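A short worksheet on the structure shown next.
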Amino acid sequence: MRCSNAIALYLVTCAKFIAMPASAFVAAFVVNGNPSGTIQRSLSCSPAVGWTTNYRRLNSCQSADWRLSRLAMSAAVPDTAVEAYTFIGTELRGAAMKLHTKAQAPKEGEAPAPKSPVKPDWNPTHEDYLRFLVDSKAVYEALEDIVGEYPELSEFRNTGLERTDGLEIDIQWMMEEYGLQRPEVGLPGLNYASEVKRIVSESIPAFMDHYYNFYFAHTAGGRMIGKKISSLLLNKKVLEFYKWDGNVNKIKDEVKGSFEAMAAKWSRDEKDQCINETASAFRGGGALNGYIFSSAH
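Here it is as structure tokens:
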């Protein structure tokens, strides 16, 4: 199931960067998010450093267990066994695999497996989610400002992936609907927004890793997390944050094409500058998700 795959990968990654064992983190989410209550065993998986992960849900006729299988940066990297070289599918995927364990990516994983964790509680509040939205908007604003400022990034202006306008609508709605005060941007948002501004001043290729992962993670695992939270907290209301004008897959393909065209002109050193930012990109984006997991507070 694609939606479940995206959720699992996304959660496993977030766990690492809010100092929580990944298996406990994912298990808490899928157990709480499973209305049938059939999931009975926590996942024995290792921290992933990708924003999203692929995992296999065994059919109910086989087992109620959920197991992680091939790990991929599926928000940013196609999950394809064999494909022609592309910078995204080959180089960025390769960087991600170095951060995954053999349990998560049997053929490509290289990271050591962690010890078994203790399962935490997962119980976000409206206040938690509003903080997440506010911090997310700060990072998206930074990304959009950067793209607007640097001529080298002109191809990434007005792509349709932009999120700030929708986020502002959602923030105002949350405040009015639930009687909340607008919080200040927190440290996760402030730190990551500041970080991407610093990075782009030093290296456009390095910045592109952050740009790509932050936007594309939201279109995959992030969107599925939003659906779960909508059901849990918002009476199934779909926020503007999770809506796009037009076909989001077409938008993504166009942005990927622009990214590939840019990367094709890079030197080997510039390509390395980009892929070497992989862990940092996951760390920055994953930190924001700490707001929606109570055990991270």
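For the sequence shown, this note's numbering gives the first residue as 2, with consecutive numbering after it.
C-beta: ideal position from N, C-alpha, C; glycine also.
Quick caveat: nothing in here was measured; it's all calculated off a predicted structure.
- The continuous alpha helix (DSSP H) containing residue 178 extends over residues 165-179.
- Under the 10 Å beta carbon count, residue 278 is surrounded by 16 or more other beta carbons and is classified as buried.
- With distances taken between CA atoms, residue 212 lies nearest to 281 out of 281, 291, 170 and 86.
- Taken through DSSP and simplified to helix, strand or coil, residue 91 comes out as helix.
- By the criterion of a C-beta distance shorter than 7 Å, residue 259 is surrounded in its chain by 156 and 157, once the five residues flanking it on both sides are discounted.
- Sequence-distant partners of residue 224 (beyond 5 residues in either direction) whose C-beta falls short of 6 Å from its own C-beta, in its chain, are 243.
- Apart from the 5 residues on each side of it in sequence, residue 170 sits with its Cβ closer than 7 Å to the Cβ of 241 in its chain, given in chain order.
- In this structure, the alpha-carbon of residue 293 lies about 7 Å from that of residue 126.
- For the options 287, 90, 216 and 273, the alpha carbon positioned closest to that of residue 161 is the one of 216.
- A residue is called buried when at least 16 other Cβ atoms come within 10 angstroms of its Cβ; residue 94 meets this threshold and is buried.
- Residues of the same chain with a CB within less than 7 Å of the CB of residue 238, apart from the 5 flanking positions on each side, are 231 in chain order.
- Within the region 194-246, no run of beta strand (DSSP E) at least 3 residues long lies entirely inside it.
- Its Cα nearest to that of residue 236, the residue 179 stands out among 218, 291, 179 and 270.
- Annotation for residue 131: 175 and 181 place their beta carbon closer than 6 Å to its own, counting only its chain and skipping 5 residues before and after.
- In this structure, residue 203 lies away from residue 88, with their beta-carbon atoms at least 7 Å apart.
- Under the Cβ criterion (8 Å, minimum of three pairs), the region 186-201 does not count as touching the region 261-274.
- The residue from 283, 164 and 188 with its alpha-carbon nearest to that of residue 245 is 164.
- If you look at residue 274, you'll find it in the alpha helix (DSSP H) that goes 269-276.
- Residues of the same chain with a CB within less than 6 Å of the CB of residue 209, apart from the 5 flanking positions on each side, are 275 in chain order.
- Annotated three-state conformation of residue 102 is strand, per DSSP.
- DSSP places residue 161 outside both helix and strand once states are collapsed to three, so it counts as coil.
- A distance below 7 Å between beta-carbons, with the five flanking residues on each side excluded, links residue 148 to the following residues of its chain, in chain order: 154, 157 and 158.
- A straight-line Cα-Cα distance of about 45 Å links residue 116 and residue 150.
- Annotation for residue 152: no residue places its beta carbon closer than 7 Å to its own, counting only its chain and skipping 5 residues before and after.
- Between residue 186 and residue 270, the alpha-carbon positions lie close to 35 Å from each other.
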